[in-house]
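Heads up: the sequence shown is residues 58 to 488, going by our numbering. Input: a single structure, listed below in structure tokens.
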Amino acid sequence: MNKLKFFAVTVSGVALAVPSGALAADGQSAAVTAATSVASFYDTWQSHTVWFRNGANAAAIAQLTAILQRAPFDGFAAGPQLAAQVQAAAARASSGNPADIENAEQVLSSAWVQYVQAIKKPTKGMIYAYPVLEPQGDRADQILLTAASAPSLPAYLAGTSDVNAIYKQLRDTAWAQAQASGNLTPDPRLLANLDRVRSLPAKGRFLLVDSGSSMLTLYQDGQPIDSMKVITGTEELPTPLIASYMYYITYNPYWHAPDHLVRKTIAPNFLRGGMNYLKSHGYHVIEDWSENPTVIDPKSVDWKAAAAGKLHLKIQQDPGPLNSMGILKFPFPNPEDIYLHDTPDHAKFEKSNRNLSNGCVRVEDAKRLGTWLLGHEPVSPGSTPELRVQLPRPTPIYLTYITAQVNGGKLSYLPDIYGWDSKPPQFASSK
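Here it is as structure tokens:
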């Protein structure tokens, strides 16, 4: 039998046992920090008993124990040690001794706070355009005040640990398979996926783009109500992890050609077709990406240098049937200049591998998406380029990467084309 090792920690006169596995390498333990915050909470809110109000809440204690035993499948490895600590403290509290009950109250609260803080960590590598989109409610006092006021403590514990529907399905399926097989070591791929989906809302209205399956899903009241295929970034130019808000849509958008297409396609075609090629495609050479850029005379450009990659041109394409943006663009604030857009090329949506873009997201049915966002069919108010129409309300949008799937009650994994199941992405603007 494995014997658990604990360090004795005394906080505000209460002796707490901290599992050795919870100690950080720098000697500063998250468990000690949680215990200190918990002790401070009880000093401030002495009447707010969570676990032993009118006697022990046996159902809640059993629920907490089960959650902690499963916690490695949330990425919280110290969970089983804390579960043993909870059971031992609860057993001592059955003596009725006030000191034992006080100690158990804080031991259980400390364990719960550590767990909640672990599942509310921001997703590694995700760009949060607004701080409010990061997982919220990870302060010890917030956690315990919510628990103390919950109409049903067991239901609150279960609901909090479920995070959101996608998270719950992936984790619970993996946990059930682990229990059936006897292998209680979570797959690192599972933990990487759970880290990426933990930032998704549990309820409300939002838009989800998944580069793992190249699918877009619309959520209303926390439930998926529609989905469509999308084209997402390649292995070399992946679609980033982003959480943001969409405020408006753009009719008749310009298209700004990426540098590699200018080099590989546009410049060589100009050398062969001259000005007729540019005019037939609605291309203009511009000075910058501003709202009203200065147009540069194409005849003054060294197109051979552009084709060789020695000169980097900015090419803008007018709205029209050949425009790579189609008729609608769906922008949202983010530092990587990623957006959703229509496309005139629908053949690629029939491919099984749709990781084919330069990072931005092409949508299969722009009018259907526009209808959901606006509440009515999107009809352009005019022919002017870049016409913006505000949405009735800001809509949260999440770009993520899910390679774990549940089919027939079994967990399986898609190919990890971005390599993010083994190493989180690194974007200049992410935390």
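For every residue, glycine included, the Cβ atom is placed at its ideal position computed from N, Cα and C. Just so we're clear, the structure is a prediction, and the values are computed from it rather than from any experiment.
Asked                                                                                                                                                                  : Found
Using DSSP's beta-bridge definition, name the partner residues of L397.                                                                                                : F387, V418
Could you check where the beta strand (DSSP E) with G216 kicks off and where it finishes?                                                                              : Here G216 belongs to no beta strand (DSSP E); instead the alpha helix (DSSP H) covers 210 to 219.
Quick check for students: name the residue ranges of the beta strand (DSSP E) that lie wholly in the segment 247 to 304, counting only runs of 3 or more.              : 263 to 267, 272 to 277, 280 to 290
For H433, count neighbouring C-beta atoms within 10 Å of its own C-beta (all shown protein chains included) and say buried if the count is 16 or more, exposed if not. : exposed
Measure the Cβ-Cβ separation of E162 and V107 and say whether it is below 8 Å.                                                                                         : yes
Counting C-beta neighbours from all protein chains within 10 Å, is the total for W477 16 or more, i.e. buried, or is it exposed?                                       : buried
In whole angstroms, what is the alpha-carbon distance linking P265 and L275?                                                                                           : The sequence given here places Leu at residue 265; Pro does not occur at that position. Going from the Cα of L265 to the Cα of L275 covers about 6 Å.
Which value, in whole angstroms, describes the spacing of the CA atoms of F387 and G290?                                                                               : 16 Å
Considering Cα atoms alone, identify which of G427, V287, R149 is closest to E407.                                                                                     : V287
With C-beta atoms as the reference, is L370 less than 8 Å away from V342?                                                                                              : yes
The alpha helix (DSSP H) with Y475 in it runs from where to where?                                                                                                     : Careful: Y475 lies outside any alpha helix (DSSP H) and carries neither H nor E.
May I ask you to check if the CB of A123 is nearer than 7 Å to at least one heavy atom of the ligand FMN?                                                              : This structure does not include the ligand FMN; it has no bound ligands of any sort.
Under DSSP, the alpha helix (DSSP H) around K225 begins and ends at which residues?                                                                                    : 222 to 238
Among all the DSSP beta bridges, which residues are the ones paired with V170?                                                                                         : For V170, which the question treats as bridged, DSSP gives no partner whatsoever.
Pull up the distance between the alpha-carbon of L430 and that of P281, whole angstroms please.                                                                        : 15 Å
May I ask you to report which of helix, strand or coil DSSP gives T203?                                                                                                : helix
Is the distance from the Cβ of Y305 to the Cβ of R445 below 8 Å?                                                                                                       : yes
Since V463 sits in a beta bridge, which residues does DSSP pair it with?                                                                                               : L468
Which of the three DSSP states is assigned to W346 in this structure?                                                                                                  : coil
Could you please give me the residues that DSSP links to Q138 through a beta bridge?                                                                                   : The partner list for Q138 (beta bridge, DSSP) is empty, contrary to what the question assumes.
To which residues of the same chain is P401 closer than 6 Å at the C-beta, ignoring the five residues directly before and after it?                                    : G383
Within 10 Å of its beta-carbon, does N410 have 16 or more other beta-carbons around it, so buried, or fewer, so exposed?                                               : exposed
If you run the structure through DSSP and keep just helix, strand and coil, what is N410?                                                                              : coil
Can you say whether R127 is buried or exposed, counting buried as having 16 or more other CB atoms within 10 angstroms of its CB?                                      : buried
Would you decide whether A362 is buried or exposed? Buried here means 16 or more other CB atoms lie within 10 Å of its CB.                                             : exposed
Measure the C-alpha to C-alpha separation of E421 and S381 and round it to an integer number of angstroms.                                                             : 13 Å
Going by beta carbon distance, what residues of the same chain come within less than 6 Å of E191, once the five residues before and after it are set aside?            : P179, Y185
In the DSSP output, what is P453 paired with across the bridge?                                                                                                        : Y302
Just tell me which of F98, C417, L257, D394 has its CA closest to the CA of V164.                                                                                      : F98
Give me the Cα-Cα distance between L121 and Q144, rounded to the nearest whole angstrom.                                                                               : 10 Å
Counting pairs of Cβ atoms below 8 Å between the segment 201 to 219 and the segment 168 to 179, do you hit three or more?                                              : yes
Under 8 Å between the Cβ atoms of I474 and N415?                                                                                                                       : no
If we ignore side chains and look at the alpha-carbon of each, how far apart do P155 and A141 end up?                                                                  : 21 Å
Buried or exposed for W312, please, with buried defined as at least 16 other CB atoms from any protein chain shown within 10 angstroms of its CB.                      : buried
Does DSSP classify P378 as helix, strand or coil?                                                                                                                      : coil
When you compare only the Cα positions, how much space is there between T242 and D359?                                                                                 : 60 Å
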